[in-house]
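Novice: One rule links them: number in my numbering = place in the sequence shown (from 1) + 446. Quick one: the structure is below, questions incoming.
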Amino acid sequence: MRKIFLLAGLVALTLAAASCNRELRRIEKSNDLDKKLAYADKMYEKKKYQMAQTLYEEMIPVFKGTDKFEPLYYKYAYCSFYLKDYTQAAFHFKNYLDALPSSPRAMEIDYQQAYCYYKLSPKVALDQTNTMKAIAAMQTFINTYPQSDKSTEASVVIDLLRRKLEQKDFNAAELYYNLGHFKASGVAFKSLMRAYPDSERSDSYKYMAIKAYYNYAKNSVHFRQKERFETVVNEYLEFNDRYPSSKLRGDAEKYFTLAKNNIKTLENEQNKTESVQ
Numbered sequence: 447m448r449k450i451f452l453l454a455g456l457v458a459l460t461l462a463a464a465s466c467n468r469e470l471r472r473i474e475k476s477n478d479l480d481k482k483l484a485y486a487d488k489m490y491e492k493k494k495y496q497m498a499q500t501l502y503e504e505m506i507p508v509f510k511g512t513d514k515f516e517p518l519y520y521k522y523a524y525c526s527f528y529l530k531d532y533t534q535a536a537f538h539f540k541n542y543l544d545a546l547p548s549s550p551r552a553m554e555i556d557y558q559q560a561y562c563y564y565k566l567s568p569k570v571a572l573d574q575t576n577t578m579k580a581i582a583a584m585q586t587f588i589n590t591y592p593q594s595d596k597s598t599e600a601s602v603v604i605d606l607l608r609r610k611l612e613q614k615d616f617n618a619a620e621l622y623y624n625l626g627h628f629k630a631s632g633v634a635f636k637s638l639m640r641a642y643p644d645s646e647r648s649d650s651y652k653y654m655a656i657k658a659y660y661n662y663a664k665n666s667v668h669f670r671q672k673e674r675f676e677t678v679v680n681e682y683l684e685f686n687d688r689y690p691s692s693k694l695r696g697d698a699e700k701y702f703t704l705a706k707n708n709i710k711t712l713e714n715e716q717n718k719t720e721s722v723q
């Protein structure tokens with residue numbers, strides 16, 4: 447019995463879709479533009495965005511320059527957004543602002559354009575061009591509409607996106623370390639700390655820079671080791687000044703002590719060599 451009901455429901459849906467498609471083809475062939483626009487609006491209200499988009503696209507050049515163009519293009523842009531084609535939606539939202547900069551909907555559309563870039567922001571491992579576009583667009587929105595209710599939301603989005611960029615940079619710095627590229631890792635972790643000074647992980651970036659520079663010094667040619675261990679000492683002193691309450695202070699201090707001991711050993715070796723000469 448259940449299968450019969452399911453089959454009947456499927457048949458009903460198929461017939462409804464066929465009927466709707468016939469109606470769409472009939473409307474598309476019509477020369478009555480107002481009727482066609484009304485039908486597109488009807489499809490939009492019913493959330494049949496693909497059908498509405500098809501009709502709106504045909505009428506854009508016809509109604510451009512008339513009072514019907516703005517609401518038409520507004521819905522047309524949103525069709526792409528609701529269909530989750532965020533690349534096209536961002537393009538159309540931008541076009542809307544370029545064509546209608548004084549529109550009462552300008553603030554809404556400006557935010558939607560930025561939000562599309564946010565939706566296009568990919569996983570951490572991938573290229574983050576759209577992430578950076580989203581941050582820039584959201585910041586521009588905040589600067590342009592500081593009193594908007596959406597400004598708070600835009601700030602939250604920026605924080606989320608910056609965390610993604612931070613994680614990507616961290617992954618790169620960590621990969622350098624794991625591959626034994628200690629100098630590159632040290633530089634990358636220091637860059638992380640500078641780029642995200644308010645990060646809750648900032649002290650760990652400094653600690654990892656100390657650790658990376660220590661391993662870089664340890665694996666260096668003999669005559670370069672002293673100056674590179676001195677870099678470790680200086681990095682630790684900066685860590686101690688900046689993060690005196692860090693839970694990583696004890697671990698960082700171990701590398702500081704090791705570096706100091708290595709410097710002392712190297713200086714003793716140098717003194718012995720000089721005394722022999």
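Just so you know, even glycine gets a beta-carbon here, dropped at the ideal spot from N, CA and C.
1. Where do the N-terminal and C-terminal ends of the alpha helix (DSSP H) with Gln534 fall, by residue?
2. Could you check if Gln559 is buried or exposed, using at least 16 other CB atoms within 10 Å of its CB as the buried criterion?
3. Kindly indicate the opening and closing residues of the alpha helix (DSSP H) around Ser570.
4. Are there 16 or more other CB atoms within 10 angstroms of the CB of Lys492, so buried, or fewer, so exposed?
5. Tell me the rounded alpha-carbon separation between Tyr564 and Asp697.
6. Out of curiosity, what's the CA-to-CA distance linking Gln716 and Arg647?
7. Alpha carbons only, please: which of Asp615, Asp478, Tyr524 and Pro568 is nearest the one belonging to Tyr557?
8. Please determine, among Glu676, Pro690 and Leu694, the residue with the shortest C-alpha to C-alpha distance to Ile709.
9. Check each candidate in Phe669, Val570, Ser567 and Ala630 and name the one with the smallest Cα separation from Met654.
10. What residue from Tyr485, Glu504, Glu516 and Glu684 has the CA that sits closest to Arg640's CA?
11. Please classify Thr533: is it buried, with 16 or more other beta-carbons within 10 angstroms of its beta-carbon, or exposed?
12. My parser needs the alpha helix (DSSP H) runs of 4 or more residues fully inside the region 472 to 527; what are they?
13. Spatial neighbours of Asn576 within its chain, please: CB distance less than 6 Å, with the 5 preceding and 5 following residues excluded, ordered by chain position.
14. What does the alpha-carbon distance come out to for the pair Leu529 and Phe628?
15. Quick one: any contact between the region 502 to 520 and the region 537 to 547, if contact means 3 or more CB pairs under 8 Å?
16. The alpha helix (DSSP H) that contains Gln593, what's its start and end?
17. Classify Gly626 as helix, strand or coil using the three-state DSSP reduction.
18. Would Tyr689 pass as a contact of Arg695 if the rule is Cβ separation under 8 Å?
19. Taking all protein chains shown into account, decide if Lys652 is buried (16 or more other Cβ within 10 angstroms of its Cβ) or exposed.
20. In whole angstroms, what separates the C-alpha of Leu611 from that of Val570?
21. Determine the closest residue to Val678 out of Asp687, Phe669 and Asn661, with distance taken between C-alpha atoms.
22. Could you check if Lys657 is buried or exposed, using at least 16 other CB atoms within 10 Å of its CB as the buried criterion?
23. Since Leu694 is in the alpha helix (DSSP H), which residue starts that stretch and which ends it?
24. Ends of the alpha helix (DSSP H) at Arg674?
25. With 16 other CB atoms within 10 Å as the buried threshold, where does Gly632 fall?
26. Helix, strand or coil, according to DSSP, for Asp644 in the structure here?
27. Taking Cβ positions, are Leu501 and Lys481 nearer each other than 8 Å?
28. Cα-Cα, which of Ser601, Gln574 and Ser645 is closest to Pro585?
Specialist: This is what the structure gives:
1. Run containing Gln534: Tyr532 to Ala545, per the alpha helix (DSSP H) assignment.
2. So Gln559 counts as buried.
3. Note on residue identity: the sequence assigns Val, not Ser, to residue 570. Boundaries for Val570: no alpha helix (DSSP H) harbours it, and the DSSP string shows neither H nor E there.
4. Label assigned to Lys492: exposed.
5. Computed Cα separation, rounded: 38 Å.
6. When rounded, the separation of the alpha-carbon atoms in Gln716 and Arg647 is 40 Å.
7. When only C-alpha atoms are compared, the closest one is Tyr524.
8. It is Glu676.
9. Closest option to Met654, Cα to Cα, is Ala630.
10. The option with the nearest alpha carbon to Arg640 is Glu684.
11. Within 10 angstroms of the beta-carbon of Thr533 lie fewer than 16 other beta-carbons, which makes it exposed.
12. Listed in chain order, the alpha helix (DSSP H) elements of length 4 or more contained wholly in the region 472 to 527 are 479 to 491 and 495 to 509.
13. Annotation for Asn576: Tyr563, Leu566 and Ser567 place their beta carbon closer than 6 Å to its own, counting only its chain and skipping 5 residues before and after.
14. Cα-Cα distance, rounded: 47 Å.
15. Yes, they touch.
16. For Gln593, there is no enclosing alpha helix (DSSP H), since its DSSP letter is neither H nor E.
17. In this structure, Gly626 counts as coil in the three-state DSSP scheme.
18. For the 8 Å CB-CB criterion, Tyr689 and Arg695 form a contact.
19. Buried is the call here.
20. Distance between the alpha carbons of Leu611 and Val570: 7 Å.
21. For the residues Asp687, Phe669 and Asn661, the minimum Cα distance to Val678 belongs to Asn661.
22. With 16 or more other Cβ atoms within 10 Å, it is buried.
23. In this chain, Leu694 is not harboured by any alpha helix (DSSP H), its DSSP state being neither H nor E.
24. Where Arg674 is concerned, the enclosing alpha helix (DSSP H) stretches over His668 to Arg688.
25. Gly632 sits buried, since 16 or more C-beta atoms from the chains shown fall within 10 Å of its C-beta.
26. Note: Asp644 maps to coil in three-state DSSP.
27. Going by beta carbons, Leu501 and Lys481 fall outside the 8 Å limit.
28. Checking the displayed sequence, the identity of residue 585 turns out to be Gln instead of Pro. Of the residues Ser601, Gln574 and Ser645, the one whose Cα lies closest to the Cα of Gln585 is Ser601.
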